[in-house]
Amino acid sequence: MRARVTLFTPAQRRARARRVLLLLLLGALLSAPIPGWHFVGVPGFIAGAVILSRRRRRQEVLVHSLGGTCPACGGEQEIERAGFESLPASVPCPGCGEFLKLEALR
Ligand SMILES: [Zn+2]
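Its first residue numbered 3, the sequence shown is counted upward by one per residue in this note's numbering.
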């Protein structure tokens with residue numbers, strides 16, 4: 003199968019992590035003066051900032067789409083919007099439902 007992927011360099015991963023961290027911390031800052039909402043918004047944005055920035059800092063690859071011949075049924079398959087954030091990953095074949103394990107070639 004062939005895959006359309008984006009590979010992130012360490013610098014790109016740090017930049018993506020920093021971007022989501024700053025955006026969500028801005029959300030926490032803007033939530034602080036809103037009565038009532040700040041009890042939920044501030045801790046929620048801070049927790050989201052930590053979790054999502056950590057996830058983006060570790061994300062090495064983003065799989066956009068897959069295509070090729072299924073080894074189980076032999077049918078030609080196209081999987082758009084795969085959206086995997088890490089490899090290896092499993093995806094069901096749209097034709098036969100058999101799970102296909104995807105691994106990166108090094
Ligand atoms: Zn199949």
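Every residue gets a Cβ at the ideal spot worked out from N, C-alpha and C, and that includes glycine.
- Check the Cα spacing between Ser67 and each of Pro35, Leu26, Val93, Leu32: the tightest is with Val93.
- In this structure, DSSP gives Leu64 an extended state, which the three-state scheme calls strand.
- Contact between Glu78 and Thr71 holds, since their C-beta atoms are separated by about 6 Å, short of 8 Å.
- DSSP, read as helix, strand or coil, puts Ala84 in coil.
- In the assembly as shown, Ser55 is a buried residue. Its beta-carbon has 16 or more other beta-carbons within 10 Å.
- Inclusion of Val63 and Val22 in the CB contact set at 8 Å is not warranted, their separation being larger than that value.
- In terms of side-chain proximity, the C-beta atom of Ala74 is found nearer than 7 Å to a non-hydrogen atom of ligand 1.
- Here Val65 is buried: its Cβ has 16 or more other Cβ atoms, across all protein chains shown, within 10 Å.
- In chain order, Cys72, Cys75, Gly77, Gln79 place their CB closer than 7 Å to the CB of Gly97, counting only its own chain and leaving out the 5 sequence neighbours on each side.
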